[in-house]
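FYI, the numbering for the sequence shown is 2 to 148, going by this note's numbering.
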Amino acid sequence: MFQGAAALSLDAKGRVAIPARHRDALVPDGAPLVVTAHPHKCLLVYPQAVWEPIRAQVAAMPGLDPAAAALKRLLIGFAQEEELDGAGRVLIAPSSRQWAGLDKQVWLVGQGTHFELWSDAGWQKQQEAMLALSGAALPAGFESLAL
2 MFQGAAALSL DAKGRVAIPA RHRDALVPDG APLVVTAHPH KCLLVYPQAV
52 WEPIRAQVAA MPGLDPAAAA LKRLLIGFAQ EEELDGAGRV LIAPSSRQWA
102 GLDKQVWLVG QGTHFELWSD AGWQKQQEAM LALSGAALPA GFESLAL
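This is how it looks when you write it as structure tokens:
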């Protein structure tokens, strides 16, 4: 279960170090991880085994429907299998860095089965949007959530 938010640095070669506590679960037995784009202008980071059924679902969507085709292009078209190097870093492809607006400071945000990778500016916008929801009606499915 991936949770929490960590401020990380992207190095000059476009690599980010995955926190040690998450490495074994993200890349079990040295399997690659998958980095792909998200429509909200962040990146998704999945263990390969978790990504494969999602990729199959996306690939099965109708290719002639414009919205489905656009999401297929985004999710599958940006998907890159990457391996951690000896220092626990993963390379983020230049096209993916550009899509998400990643610069030096990035945020790795746990989402249960995967991570989101945000630019610092993008993550700050998300936090502002969360604050703006204060007092608003809860999204469907959250009405009975007790914290």
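No residue lacks a Cβ here, since even glycine has one placed at the ideal position from N, Cα and C. Small disclaimer: the values here were computed from a predicted structure and weren't measured.
Query	Result
What residues match up with V36 in a beta bridge as DSSP calls it?	V46, Q81
Please classify E144: does DSSP put it in a helix, a strand, or coil?	coil
Would you report the Cα separation of W124 and L65, rounded to the nearest angstrom?	33 Å
If the criterion is Cβ atoms closer than 8 Å, does the pair Q81 and A94 meet it?	yes
Where does G123 sit, in a helix, a strand or coil, going by DSSP?	helix
Who are the Cβ neighbours of L76 in its own chain at under 6 Å, not counting the five residues just before and after it?	T37, V59
Among V46, A32, D86, which one has its Cα closest to the Cα of W108?	V46
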